[in-house]
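Scroll down for the structure; my scribbles are underneath it.
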Amino acid sequence: MRAYPPQEPFSPIGERYHVEALRLGEGLVGEESAYGPDAYQGLLRFAAAAPESADTLLFFHGGGWTNGYKEWMAFMAPGLNAGGVNLVSAGYRLAPGHVFPTGLED
1 MRAYPPQEPF SPIGERYHVE ALRLGEGLVG EESAYGPDAY QGLLRFAAAA
51 PESADTLLFF HGGGWTNGYK EWMAFMAPGL NAGGVNLVSA GYRLAPGHVF
101 PTGLED
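The numbering used here puts the sequence shown at residues 1 to 106.
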């Protein structure tokens, strides 16, 4: 995994979400692929048992264009994969390092 640049500090609620989402996704390993040179420009794929015939959910995390990681969504993979759905969690460039609409354009 490429190293991320620092993000804006989280609010107390955001910090709790960050810690809990990472805890729930701990140990889950997806297939990473980059779609650009920035550390945030990546996809994380968790495949169902028969990925070629499964539906795919492409998920963009929230965060107001200022914070969040594609890894936060790993906790959703076991349930989706068990239901025959692939999960692709997308990362995108964030403010303030990249002004809006950079993340949207990613």
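For each residue, glycine too, the CB sits at the ideal point set by N, CA and C.
By the Cβ-count criterion, residue 88 is buried, with 16 or more other Cβ atoms from all chains shown falling within 10 Å of its own Cβ.
Judged by their CB atoms, residue 85 and residue 55 are nearer to each other than the 7 Å cut-off. Spatial neighbours of residue 68 in its own chain (CB-CB distance under 6 Å, excluding positions within 5 residues in sequence) are listed in chain order as 61.
Your pair residue 32 and residue 44 checks out as a contact, with CB atoms roughly 6 Å apart and the cut at 8 Å.
Distance from the Cα of residue 38 is smallest, within the candidate group 104, 20 and 94, for 94.
Take the alpha-carbon of residue 40 and the one of residue 74: they are about 16 Å apart. Beta-bridge analysis with DSSP links residue 39 to no other residue. Comparing alpha-carbon positions, the option among 12, 83 and 58 lying closest to residue 70 turns out to be 58. Inter-residue distance for residue 10 and residue 17 is about 9 Å (C-alpha atoms, whole angstroms).
Residue 91 is positioned such that its CB atom lies closer than 7 Å to that of residue 42.
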